[in-house]
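The structure appears right after this line, and notes come after that.
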Amino acid sequence: MASQEIGAEADVENGRCALCGDPSPPAEPVWPGLVRCPVCGLLYTHPRPTPAAMPRYYESDYYSYQFHGVRPRSHRLKIALWRALGMLPPRPRSSRPPALARWARALLTSQHGVAATWTLAAPCAEARFLDVGCGAGERLELARDLGWETWGVDLGEAAVRDAARRGHRTAVASAEALPFGDAIFDYLNLSHVLEHLYEPLEALRECSRLLRPEGVVQITVPNCAGWGARRYGPHWRAWDLPRHLYHFTVATLTALAERAGLRVAVTRTLTDEWVLQESRRAAGEKVHGSLRPTYASRLRARRGDGENLDVWCMPQTE
Ligand SMILES: [Zn+2]
Numbered sequence: 000m001a002s003q004e005i006g007a008e009a010d011v012e013n014g015r016c017a018l019c020g021d022p023s024p025p026a027e028p029v030w031p032g033l034v035r036c037p038v039c040g041l042l043y044t045h046p047r048p049t050p051a052a053m054p055r056y057y058e059s060d061y062y063s064y065q066f067h068g069v070r071p072r073s074h075r076l077k078i079a080l081w082r083a084l085g086m087l088p089p090r091p092r093s094s095r096p097p098a099l100a101r102w103a104r105a106l107l108t109s110q111h112g113v114a115a116t117w118t119l120a121a122p123c124a125e126a127r128f129l130d131v132g133c134g135a136g137e138r139l140e141l142a143r144d145l146g147w148e149t150w151g152v153d154l155g156e157a158a159v160r161d162a163a164r165r166g167h168r169t170a171v172a173s174a175e176a177l178p179f180g181d182a183i184f185d186y187l188n189l190s191h192v193l194e195h196l197y198e199p200l201e202a203l204r205e206c207s208r209l210l211r212p213e214g215v216v217q218i219t220v221p222n223c224a225g226w227g228a229r230r231y232g233p234h235w236r237a238w239d240l241p242r243h244l245y246h247f248t249v250a251t252l253t254a255l256a257e258r259a260g261l262r263v264a265v266t267r268t269l270t271d272e273w274v275l276q277e278s279r280r281a282a283g284e285k286v287h288g289s290l291r292p293t294y295a296s297r298l299r300a301r302r303g304d305g306e307n308l309d310v311w312c313m314p315q316t317e
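Per numbering that gives the first Met the number 0, residue 0 is the first one in the sequence shown, and the count goes up by one each step.
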């Protein structure tokens with residue numbers, strides 16, 4: 000399994016189901032380090048490092064803490080082109096529009112692959128974008144070019160400083176306790192965050208609390224029911240034990256979101272060629288060089304069998 004060995008016994012604790020707590024009957028083993036809740040079906044890591052021991056499993060060069068050289072100039076050109084071609088809403092105006100129509104359009108274009116998630120334009124001036132797990136602020140750079148007021152939190156202090164230096168509003172905070180008032184954000188992004196958390200339900204409750212009534216939270220996590228997980232079993236790279244504590248399917252992620260007061264509006268899956276390559280390597284198969292998604296991977300993602308789940312939620316209305 001693509002994992003690191005867990006260290007001394009004092010640094011280890013029992014995993015638990017984020018939906019049921021400690022289920023009885025006891026969890027069913029899937030393979031070493033991974034169990035399934037017999038009540039709700041959620042897969043989780045067991046045993047797992049204690050929160051105090053976990054930082055040891057994140058080296059300082061953990062990829063999300065590095066700035067990968069986004070080129071704001073080329074962003075801006077691309078965005079101008081998209082706008083000219085009618086792929087983006089017009090420049091946001093100062094008043095808050097009936098947001099649903101705009102969001103529906105944004106959701107639709109991303110659904111059909113006309114525009115990537117990354118091209119999501121701000122629905123109005125001063126629309127607030129919060130990236131939970133912002134790293135050095137790569138996503139925030141593009142969001143700002145698209146008209147958003149950009150906010151970011153992360154646990155990595157150096158990365159947060161980096162993002163703040165680029166002019167984004169930042170805080171060092173965990174996703175389970177976000178230092179903001181109620182109902183102030185239009186869009187929240189949790190990209191590859193939820194699977195790392197000890198309290199994913201608390202994090203989604205925080206999202207539900209922070210969202211404006213018309214706001215959207217986009218959650219991206221590995222899809223442990225996808226083709227790669229089935230094909231490569233324990234060699235699937237995105238199990239990433241012990242850093243990933245929870246492993247979601249559409250059903251278990253939807254259950255968690257609903258428990259947190261959210262309503263799932265859109266579900267799709269995305270391909271991840273890097274995960275597939277690393278899984279092949281771990282399984283001792285031949286690996287081809289390119290990280291460009293193959294036609295087969297794109298097709299699988301479209302039919303809901305991709306390596307990542309991408310779920311868009313809105314607050315539940317009474
Ligand atoms: Zn459960």
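Just so it is clear, CB atoms sit at the ideal spot from N, CA and C, and this is done for glycine as well.
Just so we're clear, the structure is a prediction, and the values are computed from it rather than from any experiment.
For this session: Let me know if Y245 comes out buried or exposed under the rule of 16 or more other beta-carbons within 10 Å of its beta-carbon.
Result: buried
Exercise. Taking the continuous beta strand (DSSP E) assigned at R204, which residues delimit it?
Worked result: It is not in any beta strand (DSSP E) - R204 instead sits in the alpha helix (DSSP H) that spans 199-209.
Exercise. Roughly how far, in whole angstroms, is the beta-carbon of P212 from the beta-carbon of P48, given that I think they are within contact range, below 8 Å?
Worked result: The Cβ separation is near 38 Å, so there is no contact.
Problem set entry | Three CB pairs or more closer than 8 Å across the region 201-220 and the region 288-301 | no
Problem set entry | Delimiting residues of the beta strand (DSSP E) encompassing T150 | The sequence shown places Trp at residue 150, rather than the Thr named in the question. Note, W150: beta strand (DSSP E), 148-153.
Exercise. Between the region 162-172 and the region 123-136, do at least 3 Cβ pairs fall closer than 8 Å?
Worked result: yes
Exercise. Which runs of the beta strand (DSSP E) fall wholly inside the region 5-55 and span at least 3 residues, in chain order?
Worked result: 27-30, 33-35, 42-44
Exercise. Going along the chain, which residues of its own chain have a beta-carbon closer than 6 Å to the beta-carbon of R15, five neighbours each way excluded?
Worked result: D21
For this session: Compare the Cα-Cα distances from Y43 to each of V265, V215, L240, L261 and report the closest residue.
Result: L240
Exercise. At a cut-off of 6 Å, is V321 close to ligand 1 when judged by its beta-carbon and the heavy atoms of the ligand?
Worked result: In this structure the chain extends from 0 to 317, so residue 321 is not present and cannot be described.
Exercise. What three-state label does DSSP hand D181 in the structure shown?
Worked result: coil
For this session: Pull up the distance between the alpha-carbon of F184 and that of H287, whole angstroms please.
Result: 42 Å
Exercise. Looking at C-beta atoms only, is the number of pairs between the region 211-227 and the region 300-314 that lie closer than 8 Å three or more?
Worked result: yes
Problem set entry | Buried or exposed (CB count within 10 angstroms, at least 16 for buried), Q110 | Confidence is the limiting factor: at Q110 the pLDDT is only 48, short of 50, which leaves the residue's position unreliable and the question unanswerable from this model.
For this session: Report yes if the C-beta of L41 is less than 6 Å from at least one heavy atom of ligand 1; otherwise report no.
Result: yes
Exercise. Out of G40, M53, R75, V29, which has the shortest C-alpha to C-alpha gap to A9?
Worked result: M53
Problem set entry | Spatial neighbours of A142 in its chain, beta-carbon cut-off 7 Å, leaving aside the 5 residues before and after | F128, T149
For this session: To the nearest angstrom, report how far apart V152 and A172 are at their CA atoms.
Result: 6 Å
Problem set entry | In DSSP terms, what L290 is bridged to | L290 is not bridged to any residue.
Exercise. For G112, which of helix, strand or coil comes out of DSSP?
Worked result: Confidence at G112 is low in this model, with a pLDDT of 43, below 50, so its placement is unreliable and the value that follows should be read with caution. DSSP places G112 in coil when its eight states are reduced to three.
Exercise. Is M0 helix, strand or coil by DSSP?
Worked result: Any reading at M0 must be qualified, since the residue scores a pLDDT of 48, below 50, and its modelled position is unreliable; the value itself is stated next. In the structure shown, M0 sits in coil (DSSP, three-state: anything other than H, G, I, E or B).
Problem set entry | L252 CB to nearest heavy atom of ligand 1 below 6 Å | no
Exercise. What number of angstroms, rounded off, separates the C-alpha of N13 from the C-alpha of E125?
Worked result: 44 Å
For this session: Go ahead and pull the three-state DSSP assignment for D309.
Result: strand
Exercise. Given H234, which residues of its chain have a CB within under 6 Å of its CB, disregarding the five upstream and five downstream residues?
Worked result: S278, A281, A282
Exercise. CB of L18 to nearest heavy atom of ligand 1: below 6 Å?
Worked result: yes
For this session: Quick one: give me the first and last residue of the alpha helix (DSSP H) that R242 is part of.
Result: Here R242 belongs to no alpha helix (DSSP H), and DSSP marks it neither H nor E.
For this session: Whole angstroms is fine: what's the gap from K77's alpha carbon to L145's?
Result: 11 Å
Problem set entry | 7 Å Cβ cutoff met for W147 and A121 | yes
Exercise. Do D132 and V192 have their C-beta atoms within less than 7 Å of each other?
Worked result: Per the sequence shown, residue 132 should be read as Gly rather than Asp. Cβ atoms of G132 and V192: closer than 7 Å.
For this session: Can you give me the Cβ contacts of Q276 inside the same chain, cut-off strictly under 6 Å, excluding the 5 residues immediately before and after it?
Result: V286
For this session: For C39, collect the residues of the same chain with a Cβ closer than 7 Å to its Cβ; drop the 5 residues on either side in sequence, then sort them by chain order.
Result: C16, L18, C19, T251, A254
Problem set entry | Proximal residues to F179 (C-beta, below 7 Å), its chain only, five neighbours per side dropped | L209
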